[in-house]
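My numbering applies: residue 245 is where the sequence shown begins, and numbers increase by one. Idealized CB from N, CA, C, for every residue including glycine. Quick caveat: nothing in here was measured; it's all calculated off a predicted structure. Okay, so here's the structure we're looking at.
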Amino acid sequence: MAKKRTGGPRTWLPNQHGAWAMLAVPFTAGVFLADGPGQGPRWAHLPLLVAWLTGYVAAFHAQQWLRLRRVSRNPRAPRRHVRPGLGSAAVCAACGVPLLFAYPWLLLAAACAAPFVAVNTWYAWRNRERALVNGLAAVVPACGMLLVTLRMGGGDLADGWRPALACLLFFAGTVPYVKTMIRERGSRTYYRASVTYHALAVPAAYALGPWLALPFAAYLARAALLPGRGLKVPVVGAVEVMGAALLLAALLLLF
Numbered sequence: 245m246a247k248k249r250t251g252g253p254r255t256w257l258p259n260q261h262g263a264w265a266m267l268a269v270p271f272t273a274g275v276f277l278a279d280g281p282g283q284g285p286r287w288a289h290l291p292l293l294v295a296w297l298t299g300y301v302a303a304f305h306a307q308q309w310l311r312l313r314r315v316s317r318n319p320r321a322p323r324r325h326v327r328p329g330l331g332s333a334a335v336c337a338a339c340g341v342p343l344l345f346a347y348p349w350l351l352l353a354a355a356c357a358a359p360f361v362a363v364n365t366w367y368a369w370r371n372r373e374r375a376l377v378n379g380l381a382a383v384v385p386a387c388g389m390l391l392v393t394l395r396m397g398g399g400d401l402a403d404g405w406r407p408a409l410a411c412l413l414f415f416a417g418t419v420p421y422v423k424t425m426i427r428e429r430g431s432r433t434y435y436r437a438s439v440t441y442h443a444l445a446v447p448a449a450y451a452l453g454p455w456l457a458l459p460f461a462a463y464l465a466r467a468a469l470l471p472g473r474g475l476k477v478p479v480v481g482a483v484e485v486m487g488a489a490l491l492l493a494a495l496l497l498l499f
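Right under this line is the structure:
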């Protein structure tokens, strides 16, 4: 029998598929929300995007390496993450370091994100990556990226805090909601917490922008109605992708 290949792209890309929307939506929103005179998309956004995505991949593999060194009895298990981790880190550095000369304030943005990455790393080392706090910690720097791309595009940070908070409201809500659909399906505690959160998110979204309450009402409906219906994981993922796309469209239209 042919030996299974293990060096393809699938071994490099993290299996946390829901993270990609969280990485992409705030980034994209920030790029296009800076739309005043002399503002908007810059060529610098392209290497920043590559650095952002490969930085996430590098952090994922570093955390998996730490986790498996602690919990796995197979010495080869953590080694699988060395090559993709180092390769991704090299690409991240190649794209990110030159940006620091033109935008030195990126160092401050990285410093602000570092404590949350440290929390994720600690949970990975403890083999508790599915913890609720770990998921919430990952949301904060991802949503903060909206402010980074907005600032790089020449936008005013004062114009970015409301859409950034809207991103935070949505993606923080996906953490308990997805648990009610997959790992905590059938848990009444998680279901009540998820529905309560989404119910409170509607008036919070209204405070950020009255029309923003409409998509968040839809998010409340999906949090209340979909758990317990036996939806398959790909369907759950597709619903979340549509929710993230709806959020991006709302941000670009309303802000």
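Residue i versus the options, residue with shortest Cα-Cα distance
| i | options | result |
| --- | --- | --- |
| H325 | V477, V384, V341 and N259 | N259 |
| G329 | G404, R320 and W309 | W309 |
| A408 | V384, V419, R473 and A355 | V384 |
| Y463 | R320, T418 and L350 | T418 |
| L205 | R427, Y450 and C339 | Shown here, the chain extends from 245 to 499; a query on residue 205 therefore has no answer. |
| A403 | L267, W349 and F276 | A small correction: the amino acid at residue 403 is Asp; Ala does not occupy that position in the sequence shown. The shortest C-alpha separation from D403 is found at F276. |
| P454 | G274, A268, L350 and A410 | A410 |
Distance between residue j and residue i (C-alpha atoms, nearest Å)
| i | j | result |
| --- | --- | --- |
| V439 | Y421 | 8 angstroms |
| V480 | A263 | 14 angstroms |
| R466 | Y441 | 13 angstroms |
| F345 | Y367 | 33 angstroms |
| M486 | F460 | 13 angstroms |
| N364 | N378 | 6 angstroms |
| A334 | R314 | 25 angstroms |
| A493 | T255 | 32 angstroms |
| T424 | L475 | 11 angstroms |
| R370 | A358 | 18 angstroms |
| L497 | L312 | 44 angstroms |
| A246 | A482 | In this predicted model, A246 has a pLDDT of only 42, less than 50, meaning its place in the structure is not dependable; the value taken from the coordinates is given anyway. Approximately 34 angstroms between the Cα atoms of the pair. |
| Y450 | L495 | 13 angstroms |
| R473 | Y435 | 13 angstroms |
| P348 | D400 | 17 angstroms |
| V301 | S332 | 6 angstroms |
| F499 | G274 | 10 angstroms |
| L267 | L257 | 14 angstroms |
| R317 | C339 | 36 angstroms |
| C356 | R372 | 23 angstroms |
| L199 | T272 | Residue 199 is absent from the structure shown; the chain starts at 245 and stops at 499. |
| H261 | V477 | 11 angstroms |
| A456 | L350 | It is Leu, not Ala, that sits at residue 456 in the sequence shown. One C-alpha to the other measures close to 30 angstroms. |
| P471 | P319 | 39 angstroms |
| A437 | A321 | 36 angstroms |
8 angstroms Cβ cutoff met for residue i and residue j
| i | j | result |
| --- | --- | --- |
| G397 | G284 | yes |
| L380 | A337 | no |
| V361 | A303 | yes |
| A353 | V294 | no |
| L292 | L343 | yes |
| R406 | L452 | yes |
| A386 | P270 | yes |
| M389 | W287 | no |
| A488 | A265 | yes |
| L469 | F414 | no |
Which whole runs of the alpha helix (DSSP H) in the region 387 to 440 are 4 residues long or more, in chain order?
Correct list: 405 to 425.
Would you check if there are 3 or more beta carbon pairs closer than 8 angstroms linking the region 426 to 435 to the region 444 to 464?
Three or more beta-carbon pairs separated by less than 8 angstroms are not found between the region 426 to 435 and the region 444 to 464, which leaves the two stretches without contact.
Are the region 310 to 329 and the region 272 to 281 touching by the rule of at least three beta carbon pairs closer than 8 angstroms?
Taking a cut-off of 8 angstroms for Cβ pairs, the region 310 to 329 and the region 272 to 281 do not touch, as fewer than three such pairs fall below it.
If we require 3 or more residues per run, which beta strand (DSSP E) segments fall completely within the region 264 to 312?
Runs of the beta strand (DSSP E) inside the region 264 to 312: none found.
Extract the residue ranges of the alpha helix (DSSP H) inside the region 308 to 396, only unbroken runs of 4 or more that lie entirely within it.
Those alpha helix (DSSP H) runs which fall completely within the region 308 to 396 and span 4+ residues are 320 to 323, 326 to 346, 350 to 369 and 376 to 396.
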